[in-house]
Structure formats: structure tokens, C-alpha cells
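Those protein sequences? They're chains L, H, S and U, same order as listed. Going by my numbering, the first sequence opens with residue 441, and the numbers climb by one from there. Going by my numbering, the second sequence opens with residue 3, and the numbers climb by one from there. Going by my numbering, the third sequence opens with residue 30, and the numbers climb by one from there. Going by my numbering, the fourth sequence opens with residue 4, and the numbers climb by one from there.
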Amino acid sequence: MSDTRQDRITNHLTRPIIKTGRAYYGTLVLLVIAVIWGLIAYIVQLTRGLTVTGMNNNVAWGMYITNFVFFIGISHAGTLISAILRVSGAEWRRPITRVAEAITVFALVLGGIQILLDMGRPERALNVIFYGRLGSPLLWDVICISIYLLSSLFYLLLPLIPDMGILRDNPDIKGWRKEIYRLLSFGWDGNPEQKRRLEIAIGIMAIAIIPIAISVHSVVSWIFGMTIRPMWHTTILAPYFVVGAIFSGIAALILAMAIIRKVYKLEDYLKPIHFRFLGVLLITMTALWFYFTISEYLTAGYGGLSEEMHVLSAKLTGEFSGLFWFMVMSMTIAFIALVFFRSKHAIGATVIASIFIVIGMWIERYSIIVPTLTNYAVPSHEVRIYYPSWVEWSITIASFCGFVLLYFIFVKLFPIISIWEVEEAEEALGEKIEVIKDYMPGKTSATTES
Amino acid sequence: MNAVISLVAVVVLFLVGLLGGWAGILFGVIIPYLAVALFLGGLIYRVISWANVPVPFRIPTTCGQQQSLPWIEQAKVDNPSTTFGVIVRMALEVLIFRSLLRNTKTVLRESGKIAYAGSLALWLGAMMFHWSLLVILLRHLRFLTEPAPFLITILQEVDGFLLLQVWMPVLYLSSILFLVGLAYLLFRRLASPQLRYISLAIDYFPLFLLLGIGISGLWLRHLSKTDVGSIKELAVGLVTFSPVVNNTINSLFFGHIFLVCVLLAYFPFSKLVHMAGVFLSPTRNMANNNRAVRHVNPWDYPVKTHSYEEYEDEWREKMKGAGVPVDKE
Amino acid sequence: MSKGIIIAGLIVFLIVATFPVWYTSAAGGSRPQPEPPARDAKVFEGKEYRCVEDKVYMTGNHMQLLDNWRNLVVREGERFYTSEAGEQYEMSLTKTCLKCHPERDRFCNKCHDYANVYPTCWNCHVELNGNEPKGN
Amino acid sequence: MDESRRSFLKGIGVAAAAAGLGCTFPLLRALASSGTPAAGVQTRQLCMVIDIEKCLNEDLIKDCTEACRIEHNLPGGESDPERQIRWMWTQKFEHTFPDQAHSLTPKELRGEQVPVMCNHCTNPACVKVCPTKATWKRESDGVVMMDMHRCIGCRYCVVGCPYGARSFNWHEPRPHIKNIRPEYPTRMRGVVEKCTFCAERLREGREPACVEAANRITEGAMTFGELSDPNSKVSALLKTTRTISRQNALGTGPNVYYIV
Chain L
441 MSDTRQDRIT NHLTRPIIKT GRAYYGTLVL LVIAVIWGLI AYIVQLTRGL
491 TVTGMNNNVA WGMYITNFVF FIGISHAGTL ISAILRVSGA EWRRPITRVA
541 EAITVFALVL GGIQILLDMG RPERALNVIF YGRLGSPLLW DVICISIYLL
591 SSLFYLLLPL IPDMGILRDN PDIKGWRKEI YRLLSFGWDG NPEQKRRLEI
641 AIGIMAIAII PIAISVHSVV SWIFGMTIRP MWHTTILAPY FVVGAIFSGI
691 AALILAMAII RKVYKLEDYL KPIHFRFLGV LLITMTALWF YFTISEYLTA
741 GYGGLSEEMH VLSAKLTGEF SGLFWFMVMS MTIAFIALVF FRSKHAIGAT
791 VIASIFIVIG MWIERYSIIV PTLTNYAVPS HEVRIYYPSW VEWSITIASF
841 CGFVLLYFIF VKLFPIISIW EVEEAEEALG EKIEVIKDYM PGKTSATTES
Chain H
3 MNAVISLVAV VVLFLVGLLG GWAGILFGVI IPYLAVALFL GGLIYRVISW
53 ANVPVPFRIP TTCGQQQSLP WIEQAKVDNP STTFGVIVRM ALEVLIFRSL
103 LRNTKTVLRE SGKIAYAGSL ALWLGAMMFH WSLLVILLRH LRFLTEPAPF
153 LITILQEVDG FLLLQVWMPV LYLSSILFLV GLAYLLFRRL ASPQLRYISL
203 AIDYFPLFLL LGIGISGLWL RHLSKTDVGS IKELAVGLVT FSPVVNNTIN
253 SLFFGHIFLV CVLLAYFPFS KLVHMAGVFL SPTRNMANNN RAVRHVNPWD
303 YPVKTHSYEE YEDEWREKMK GAGVPVDKE
Chain S
30 MSKGIIIAGL IVFLIVATFP VWYTSAAGGS RPQPEPPARD AKVFEGKEYR
80 CVEDKVYMTG NHMQLLDNWR NLVVREGERF YTSEAGEQYE MSLTKTCLKC
130 HPERDRFCNK CHDYANVYPT CWNCHVELNG NEPKGN
Chain U
4 MDESRRSFLK GIGVAAAAAG LGCTFPLLRA LASSGTPAAG VQTRQLCMVI
54 DIEKCLNEDL IKDCTEACRI EHNLPGGESD PERQIRWMWT QKFEHTFPDQ
104 AHSLTPKELR GEQVPVMCNH CTNPACVKVC PTKATWKRES DGVVMMDMHR
154 CIGCRYCVVG CPYGARSFNW HEPRPHIKNI RPEYPTRMRG VVEKCTFCAE
204 RLREGREPAC VEAANRITEG AMTFGELSDP NSKVSALLKT TRTISRQNAL
254 GTGPNVYYIV
């Protein structure tokens, strides 16, 4: 491995951190404006109460909870995918793990905020800790999401350490940034002992994070599943949510990768093959999603419990049919794009599919939450459809902009593609070849015998 | 041992303060006035005595590149050459304790290598303690002012907002941060053998004193409550020089206030005076403009000089006679 | 640093440090006295005239007492409070406390305003003679 | 992966599994104990029996709901019916008892307004889900209570209750109350509220306001008493008459019964 190659990679990947273009500031200003607008909307909500939303005593949860479920879903992009790829030793993961892990942390932050936004008396939030009822699924969420946030933050920071060392030693970086890098590099000098420990730590985290991530989305689904509401109270809900989460997570990851690749001209790192591989994963998840959806709706529809039929018919033919079929159509388009166009236009097809999937999954969350609430188990009055108010729209848009904003700041401070992991790829390649040789007939080595 | 001495000293002082329940005038009026007088007088005395110390040289021993040729980038904050730069550097030091951010921990690795790792703990503890102390001081203005300024009320509400309805009356976030910060600063001294070795009783004393003040204050607010109206009457009386001591105030209050008085009186004569000292720290309050501006050493005595001009004036004729070229004819 | 700046700094410090002195002297507020309770209140018929607990205790601890009452009444379903003196009172802000102190402006707020505390009791609880949704 | 690391990871796995299992037990216990009283323990349970036929009277219904409204300072005049604060309200028979109504439901019941309120369930769905114990089943009398001081306004109980018995204060309620009765507090914006069987009256040994108002017009329209007491009026009534309750199949164990 030559130093020049290493230097080239380092230079390439640290360039976005060192050089800041005008477009960056322009976008930053736009995002900040959107977030401030959302804050204003929230202040309106704080001073006038949740009356400024479109919710009512029937549809007591609306857009905020939809966003919550959606963001928590997106969060699975990261950590879970990068952890699975790490554990399974998929070499092609190297340039995409950081992109994914950052999504996780920021999506979780925004997801958690959604719950606070939804509360009638947010200043009492700590009551959940001081007087918590362990039997409430909401408390399971508080616990699981906190653990997930902490561990995914840790999982993001661990592989950052060597990169922080690289940036710390970069002569072009000065001032407060250098101090951040110095602090976050934790005295990294790249000696073998440090490397060994880091590998162990990352290995443990990668394994630990998988059950944590799955528990998180199961618990999110159980907020709904544990109630005795039609179409919520089903055993399929937890796996359905987990599948949906990984599904939307991969789509979000593909979108983030495509944007970063374009903006920072990292075509040499995020190659079509990465999109193609993620596309395969996405096809699997689309198929799974269809399977779960059909299973869920067929069971409910065939059984024909009158309460469930209320909700089901509202979705299939009634007041929510537009949304529902738009969702189905989005997923179908995504599936077609992935299956038929992925091999020729890897990036184009996966990106288009991802756009449809992200939108479709947001609608899916919405059409799980709202129709069940709209169609009472015991309808006591005329059905009224919930429409989000301008405050909810503003806060929602601001939340998405806030997510992008956090990501934006992250990209400016930290290398979005793990420098050391990419640099290490060639060394790893040698090991891989040895391992593959072991599979082959006619050769026995010490490792296979032991 | 040093820690125990300080702890005992603070406990004794607190017990002395409890006597205020019986001698309200002494502990509620006379001692507070004396303490404030000592605090203000002592601080002024210290600052003026520092101001009288001559500064022989500008001290450029700071990090970062000093101002030099135009194509060499100057570290404008670390090594400022203008007053504005000095103000920025000083503000960062006073407000966010920038130099503590440079705190590093030296670790001897198993491999025999020495590594320097950043250590944020001291900075965090110090920030927590100092900032919450400021908030707590400002919050206490509600006792010292009548009517309390609007901003103090807002501060008080915001401080309580995050932990609202946790306790009755509302627990303030700053109270908790204050005690946690202090506890860390104390723990730090006790936990590390090196730090314990260099810590004297006077290092522990202020920590215990502040902890005592914090705990007695929290106790007074939440557990053993007293008539707040009477306390405010006393406080307002003190600042308007017409003090009234009500007998409805309990002893714990006097314990609290006596420790505060001790702190105030002790302040100018201890390491705590860094509050004023930080502004006079020569490596922080001077611009490094040695190359641009002449700095006259105040210790310089008038040296008797004899310039070439004078020399020539004196010897011109003789020089001309000898054929030596001269500047002026 | 030049002496001029140091002197100026000291003066600024002195002005800030003595803020309570000049501010309070200028504003000049004095301690308001809460109005004594109404003596004809029915709760005390046949009993010696006094509050649930003694005055010194109440000035310091009324918020704790009310909080306990609230918990006992709402959460435990209890109704009566036995005071230190052994007398029984109904645990109710409206039915017990407000009988003697009917208006918050004449009683509660006197001290609360002075001590600069603004509890949220009146957001929900109502004074006996009015339903003015005022602040505090 | 070397051997020591592998065994280390294995150890971690075993420990995590053990910790997970260990956590499950208290969780399950908390779950199981959240609603149902332990077997063999006779807890007090108040209940109400409503005679639907006697309640088919507009004046009676109006008096009942008005009594409740005045008693508890409920805000009125809300233009949006879905945002009204309701402790007691009426709804059509076939909506109230969807499992009882059919296409030939007698004319005198079809479309008629039946008074409904919180069922003070034996196994309340709202109590299970509340994250702060702001709503709980009071052991002393089985009333499902609300603590407005503790409610964080997450509305999980609103979503969890299958009877629609819970209302959220979307806006400041005070301006919408005509005459505030000072004996009872109003609520703060952002909290959930519902019928408490008039807990404040029960404390004084009085019957709920709606029962009092209903019986003033038709004696026996509503009967209130102790279900757990075999000698109470309600026990006698439940033993001798045919009664139904709302959505019994949901397993919530509603304690408001209706004589058809």
C-alpha cells in the first residue's frame, strides 16, 4: 500500500471539511429559516395549546406521531444496516457505514422531539421518569429509544476515532475544530494495540446494536399494538414495523448517498455497485413489505370482524383509499424500478425507487395511525376526517429540515466517508483472498484445521 | 487529612452560624455588613495592588502564530495583536474557560508509549459549577430587590421549567448542576493520588464551604422551610440600610447566610480571587504587538546617552582637521 | 494593562455588585402584609380561632401541606386532616382555606408577589367570590 | 476472530440474554397487576345501573348532563363536537351497543339516545397505558381516577380507551365556562379529563350528580352503589334483571350496566 494512495484518499475525503462553498451557506441559511419558522409555529402551539392542530378527541394523534414513527423507522437505516454489514463482513460496506450511522443518530433525535411536540404539557415531561408506570408501552419506548440513541451515538463515534486522529494531524485545520478533533481522537496514534481494541469495541457494538434496534421498532409498534384498537391490536404489528423501518431506512440511506455523492463529487467512492447491492437489499425488503401488507389486510378482511371492517373499508374504498392506494402504487413503482431498471441504471433506478419508498412509508405510518382513530370502535358521531393544520405542517417541514440541517453540520465537521476504513480495504482484501482460498478444494491451511 | 481539616472547619462555621437563631442582629446584620465590606474592600485592595506592579515586558508566550508577514496566517484569538483580539480572547477565557479545554491527560500505555488524551471532565465540571453559581446568584436577587426585576423572574421560571413540578416547591436545574459540579471538583482532588498530594487545606476549604452553602440552601428551600417574607424583609432592609430582623426566621437560614459571609470575607484573600485575577493575567490581557508598538519598560532608568551627532558636534573641528569626513559641515 | 482601564473596571464592578442597593433604594418597595383572615368563617364555629396549623409552620410549609392534601384526597381518597392540635379539617383548598382567606389578592398574592413566586394553583382552582381567569 | 474474543462475545451474549429475561419478569408482573386485582382479594368496586327505557326521556337526559356540566365546571359552547369535554353524554343505541343492535332492533330503541360515561372498568385500558400514573384505578372504591396535576397530555389514554370516554383540553377551558362553580376546580389546557363517578361527592357520601338528577325525574332511572357488596341495591338489581354492558368482549370489564 503506497503512501500516495493513502494521501490521495485522505485529501479527497477531507476536502468537504476544509473547503466550504457558497452553495453550502446558501442551503444552510434556507434550512435555518425553515427551522426557525417551525419554532415560531411551535411557540404558537405552546401559547395557544394543541387547539392549533387539526387533532380532536377521536383522532387524538396525528402528524406528530406519524413523524415520530417515521423518523424512528428511518433511524434503522443506519446502525442496523451498517451493523449487519459489519458483522457479516461485507467489504462493500466500507464507504457507506458513516453515511448510515449519522442518519440513525439524527433521525432518533428528531423522532424523540416529535413526542415532546405532541405533548399537552411538555414541561412535565420528566413525570415519565419520576412517576413512570413500567406497564405503559410509552415508557418502554422512552427506555428503548434512550438506549438506542446512546448506543448508536457511541457506534457513530467509535469508528470516528481514527479519522479524528487523521484530521487532528491535518495542518490545514486550525482553531476550535482542531480542538474538537483532538478531544474526539482520544489520543489515537494508530498503534496496533489501539487498533485491536477499537476493532473489538466496534465488533461488540455492531452485535449489541442489532437486538437494540429491533427492540426499538417493535416497541414503537407496541404503542399501537398494545391497545385494543381495530387493525392495531395484531400480532403482526411489531415485525411489520421492523420490516417497514429497515425498508424506509435503506431508502433514506440511498437518497443520502446519492446527494452526498453528487454534491461532494465522491463518485469514486460511492459507486454504482454500492447502489446495486443496496438495491438488492431493497428488493428483498419491498417483497417482504408486500408480503406483510397482504398478510395483514387479508387476515383482517377475511375474518371480517365488524370493527376491523370499518377501518379496512375506510382504507380500501372509503375516505382513506386515496392515500392507501397511492402508497401501494408507490411501492409497486419502486419494485418495478428496482427489478427491471436496477442493472442498467443502478443509481437512477434505486434513487427513484427510494423516493417513492420514503414517501410511501410516511403515508403507510399515517394510514396506520389515523384511520384506526377516525373510525371509532364504537362510532359515537359522524366521522370527521383529520386534516393537519398549518402549524402541524410547518413543524413537520421544519423537522425534516432540522434533520437535514443536523446532517449538513455533521458533514461539515466530520468525514462522511470513513477514511481509515476505506484506506484499510486493501489490507482486508488480502485477508479475504486467503479466506476464500480456504473454501476452495485441494488446499488445507492451519486456520481450517484448528 | 487536609480535606478533613477543611470539612471540620466548614462544619464548625456552620454550627456557629446556627447561633444566629439566638443572636439575629449579630448574624443577620453586623456580620453580613462586615463580610460585604471585607469582600468589596479586599477585592479593590487586591486589584489596585496588582495594578501597581510594573509590567516589564509584553509577554508573547501564548500559543499560535503571532502577527508577522502578511502571508503567514496569524492565530488571531490565541495571539492577538489588537485590543479587539484581546477582548475576544479574554471573553472566551472568562465565559467558556477556554484554557481548561486544553487540559490533557498523560497516559502511560502498556506498550511503554506516552499518550496525551484530551480530558473534558475538569472543563465540564468547572463550567457546570461556575455557570450555575451565576444563575443562582442572579436568582437570589429576588430577595435583594423589591420589586424583583422582570428578567430575574424569567430566569427563575426558565430555571424551573425543565424540572417543573418535580418537587414542591419547584426544584431548580441550577441547584442540581451546582452541587454536581462541586461534587465532581471535590471528587477529582480526592480520587487522584497526584492531585491529593498537591492539595492543601485551602484547596479543599472553598469547595466544602460552597458545598455547605449549596446544601444548606437546598435544605432551606425544600426541607426545613422558613418564612421567606421575613428573609426578604431582612435582605431588603440590609440593602436599604434599615435592617429588620424578624424572629420567625429559623436557625438554618443563619447557618446558610453565615457560610455565605465567610465566603465573601474569605474571597479576596484566597485563591478564589481569580475572579478578579483572570482579568489581570498578563498572558491573557495584552496584545502581542511587540514588533509594531514600542513598549517602554517601566523599570528603565534614564540612561546617559551620547549619540553620534553629539559626538560629531564635540569633535567636528578636530575631525575636519584630521581629514575625517563629517555628516554636517 | 493601563491603570485607567483597571480603575474603570473596578468602578463597573462596584456598580454591578451594588445593584440591589441602588435598585431597591430607587424602587423602594416595602413588605406587604397579608390581610388577616375573616373571623366569621363558619369552619371555626365553636373552635378556638386559628389556622389549620400554627402560623409559623404555615408560612413556611403551606405548599407542602397543600400538596400532601392533594395527593391524599385525589390519590388516596381520604377526606379529613388531623392537625397537630388534634382537630379535624376537611382537606380542601376551597372548603377549608378559602373560607377564611377568600381572595387571593388580599392574602396569597401579598406574599407570593413579594417573594416573587408564581404558583399555578389558580389556573384551575377558583376563588369563592369570582371566576376571573387572571394570571398567576 | 480469535478464540478469546469469540468467548468474550459469547459471554456478553449470555449476559445480555440473562439480563433481558431478568427484566421481563418484573415487566410481566407490572403488566399483570396494572388492572386486574389479585385473585381472592375482594376489592371494593362502585358501579352504576342505567335503565335505558326510563332514560328515554329528553328532559331527564338534559338534566343529567347539565348537572354533570355544572358540577364539574365543564366548558360548553364548543363549536366542534369532537373537541367537547364530555364526562357524560349520549349516543345512539346501535352505536352504544353495536353487538346488540341488528336490522330489526325494536323501534323504541333504534336511534334513541343512550346516556354513556366512563365505565370505570375492572381492567381499564386507559390505566394500563398511562406513562405517569396520572390515571389509575383507585383501590378504595374502584373508581378510575385522574390526576390533572400529573397528566403530561400525551393522550395515550384517549387513544387507548375504546369507549371514547376521555376528553383532552385542546384549549384553555375557562373562557368557555359560563358560571364557574368555585367549589370545584377547572382544568388546565393540555390535560385529559373524564368522569370520576363524582369522586368529590362520593367523599361526602353523596351519589353522583347525574344519578341524583335522573332520579329526581324518574325514580330508578339510574342506580348507583357498590358492586362488591352483595346487599347493595345494585347487586340486587343486577341479580334480578337482565343487563348488558358496553363492548364486553373487549375484556375491559365495564362497570356501568344497562337494563334493556
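We put the beta carbon where it would ideally sit given N, CA and C, even for glycine. On a predicted model such as this, the values are computed, not experimentally measured, just so you know.
Helix, strand or coil for U:G228 per DSSP?
-> Start at 1 with the first residue of the fourth sequence, and residue 228 of chain U comes out as number 225. Note: U:G228 maps to strand in three-state DSSP.
Which bits of chain H does S:S54 rub up against, with CB to CB less than 8 angstroms?
-> On the third sequence, position 25 is the one that residue 54 of chain S refers to. Per Cβ cutoff of 8 angstroms: V241, T242.
Interface partners of S:R104 on chain U, CB under 8 angstroms | Numbered from 1 along the third sequence, position 75 holds the residue referred to as residue 104 of chain S. Those are W139, R141, M148, D150, listed as they occur along chain U.
Starting from U:T243, follow the alpha helix (DSSP H) in both directions and report where the run begins and ends.
-> Taking the first residue of the fourth sequence as 1, we reach residue 243 of chain U at position 240. Where U:T243 is concerned, the enclosing alpha helix (DSSP H) stretches over 236-243.
The beta strand (DSSP E) spanning U:S248 covers which residue range?
-> Position 245 of the fourth sequence, counted from the start, is the residue given in the question as residue 248 of chain U. Unbroken beta strand (DSSP E) run through U:S248: 246-248.
At which residues does the beta strand (DSSP E) containing U:D54 begin and terminate?
-> What you label residue 54 of chain U is simply residue 51 of the fourth sequence in a count that begins at 1. Here the beta strand (DSSP E) through U:D54 covers 49-54.
Could you spell out where the beta strand (DSSP E) holding U:I262 opens and where it closes?
-> Indexing the fourth sequence from 1 puts residue 262 of chain U at position 259. 259-262 is the extent of the beta strand (DSSP E) around U:I262.
Can you give the Cα-Cα distance for L:P855 and H:L20, rounded to whole angstroms?
-> One-based indexing of the first sequence puts residue 855 of chain L at position 415. One-based indexing of the second sequence puts residue 20 of chain H at position 18. One alpha carbon belongs to L:P855, the other to H:L20, and they sit about 60 angstroms apart.
H:Y206: which of H:S218, H:Q196, H:P195, H:L187 sits nearest, CA to CA?
-> The count along the second sequence starts at 1 and reaches residue 206 of chain H at position 204. Nearest to H:Y206 by C-alpha distance, out of H:S218, H:Q196, H:P195, H:L187, is H:L187.
Could you tell me whether the segment 83-97 of chain H touches the segment 282-296 of chain H, where touching means 3 or more Cβ pairs closer than 8 angstroms?
-> yes
Which residues, in order along the segment 128-156 of chain H, keep a beta-carbon less than 9 angstroms from a beta-carbon of chain S?
-> L143, R144, F145, L146, T147, E148, P149, A150, P151, I154, T155
In whole angstroms, what separates the C-alpha of L:I825 from that of L:D558?
-> Locating residue 825 of chain L in the first sequence gives position 385, counting from the first residue. Locating residue 558 of chain L in the first sequence gives position 118, counting from the first residue. Roughly 19 angstroms between the two C-alpha positions.
Looking at the unbroken beta strand (DSSP E) that takes in H:K107, where does it start and where does it end?
-> Position 105 of the second sequence holds residue 107 of chain H. Unbroken beta strand (DSSP E) run through H:K107: 106-110.
How big is the Cα-Cα spacing for L:H714 and U:R177?
-> The sequence position of residue 714 of chain L within the first sequence is 274, counting from 1. The sequence position of residue 177 of chain U within the fourth sequence is 174, counting from 1. So the two alpha carbons sit approximately 60 angstroms from each other.
Own chain partners of L:I809 with C-beta closer than 8 angstroms, once the 5 adjacent residues on each side are dropped | Counted from its first residue, the first sequence places residue 809 of chain L at position 369. Sequence-distant partners of L:I809 (beyond 5 residues in either direction) whose C-beta falls short of 8 angstroms from its own C-beta, in its chain, are W501, G502, I505, T506, V509, F664.
Could you run through the segment 561-573 of chain L and flag, in chain order, every residue whose CB is less than 7 angstroms away from some CB of chain U?
-> R561, R564, A565, N567, V568, Y571, G572, R573
7 angstroms CB neighbourhood of S:E156 in its chain, flanking five on each side removed | Your numbering for residue 156 of chain S matches position 127 in the third sequence. So the qualifying residues of the chain are L127, P131, E132, R133.
Is the segment 837-850 of chain L touching the segment 470-480 of chain L, taking contact as three or more C-beta pairs under 8 angstroms?
-> yes
Any beta-carbon of chain H closer than 8 angstroms to the one on L:T888?
-> As a first step, residue 888 of chain L must be located in the first sequence, where it is residue number 448. Any reading at L:T888 needs caution, since the residue's pLDDT is 47, under 50, leaving its predicted position unreliable; the model's value is listed next. With 8 angstroms as the cut-off, L:T888 does not count as an interface residue toward chain H.
Who pairs with H:I116 in a beta bridge, going by DSSP?
-> Along the second sequence, read from residue 1 onward, the residue named residue 116 of chain H stands at position 114. Looking at the DSSP assignment, H:I116 forms a beta bridge with H:L110.
Selected residue, minimal CA-CA separation from L:L623, among H:K107, H:S70, H:A25, H:F99 = The count along the first sequence starts at 1 and reaches residue 623 of chain L at position 183. Per the C-alpha coordinates, the member of H:K107, H:S70, H:A25, H:F99 positioned closest to L:L623 is H:K107.
Opposing strand residues paired with U:P118 [DSSP bridges] = Residue mapping note: residue 118 of chain U aligns to position 115 of the fourth sequence, counting from 1. For U:P118, which the question treats as bridged, DSSP gives the partners U:T93.
With a floor of 4 residues, list each alpha helix (DSSP H) that falls wholly inside the segment 626-708 of chain L, ordered by position along the chain.
-> The alpha helix (DSSP H) runs of length 4 or more contained entirely in the segment 626-708 of chain L are, from start to end of the chain, 632-665, 677-703.
Name the chain U residues whose beta carbon is nearer than 8 angstroms to that of L:G489?
-> Looking up residue 489 of chain L in the first sequence gives position 49. What L:G489 touches in chain U: N172, W173, H174, E175, R192, G193.
Spatially closest choice to L:V791 from L:I512, L:A698, L:A865, L:P811, by CA coordinates | One-based indexing of the first sequence puts residue 791 of chain L at position 351. Of L:I512, L:A698, L:A865, L:P811, the residue nearest in Cα terms is L:A698.
Neighbour-count burial assignment, L:R608, 16 or more Cβ in a 10 Å radius = By one-based count along the first sequence, residue 608 of chain L stands at place 168. By the 10 Å Cβ count, L:R608 comes out buried.
Roughly how many angstroms separate the alpha carbons of L:Y709 and L:A727, rounded to a whole number?
-> What you label residue 709 of chain L is simply residue 269 of the first sequence in a count that begins at 1. What you label residue 727 of chain L is simply residue 287 of the first sequence in a count that begins at 1. Computed Cα separation, rounded: 29 angstroms.
Hey, L:V751 and L:M666: beta-carbon distance below 8 angstroms or not?
-> Counting from 1 along the first sequence, the entry for residue 751 of chain L is found at position 311. Counting from 1 along the first sequence, the entry for residue 666 of chain L is found at position 226. The answer is no: Cβ separation not under 8 angstroms.
Give the straight-line distance between the Cα atoms of L:A409 and L:R561, rounded to the nearest whole angstrom.
-> The requested residue 409 of chain L does not occur in the structure, where chain L is confined to residues 441 to 890.
Does any CB atom of chain H fall closer than 8 angstroms to the CB of L:L623?
-> Mapped onto the first sequence, residue 623 of chain L falls at position 183. Closer than 8 angstroms to some Cβ of chain H, the Cβ of L:L623 qualifies, so yes.
Do you know how far the Cα of H:V280 is from the Cα of S:W98?
-> Along the third sequence, read from residue 1 onward, the residue named residue 98 of chain S stands at position 69. Along the second sequence, read from residue 1 onward, the residue named residue 280 of chain H stands at position 278. Cα to Cα, the separation comes out at about 52 angstroms.
In whole angstroms, what separates the C-alpha of L:M767 from that of L:I613?
-> Counted from its first residue, the first sequence places residue 767 of chain L at position 327. Counted from its first residue, the first sequence places residue 613 of chain L at position 173. Approximately 47 angstroms, taken between the alpha carbons.
Residue from U:R86, U:D144, U:E203 whose Cα sits closest to the Cα of U:E229 | The residue given as residue 229 of chain U occupies position 226 in the fourth sequence. Measuring from the Cα of U:E229, the nearest candidate turns out to be U:D144.
Note down, in chain order, each residue of its chain lying with its Cβ closer than 8 angstroms to the Cβ of S:V102, except the 5 sequence neighbours on either side.
-> Position 73 of the third sequence, counted from the first residue, corresponds to residue 102 of chain S. If we look at S:V102 and ignore the five residues flanking it on each side, its Cβ neighbours are R108, M120, S121.
Would L:T757 be called buried (16 or more neighbouring beta carbons within 10 Å of its own) or exposed?
-> Within the first sequence, the letter at position 317 stands for residue 757 of chain L. L:T757 should be labelled exposed.
Check whether the Cβ atoms of L:F760 and L:P811 lie closer than 8 angstroms to each other.
-> Taking the first residue of the first sequence as position 1, residue 760 of chain L is located at position 320. Taking the first residue of the first sequence as position 1, residue 811 of chain L is located at position 371. Cβ atoms of L:F760 and L:P811: closer than 8 angstroms.
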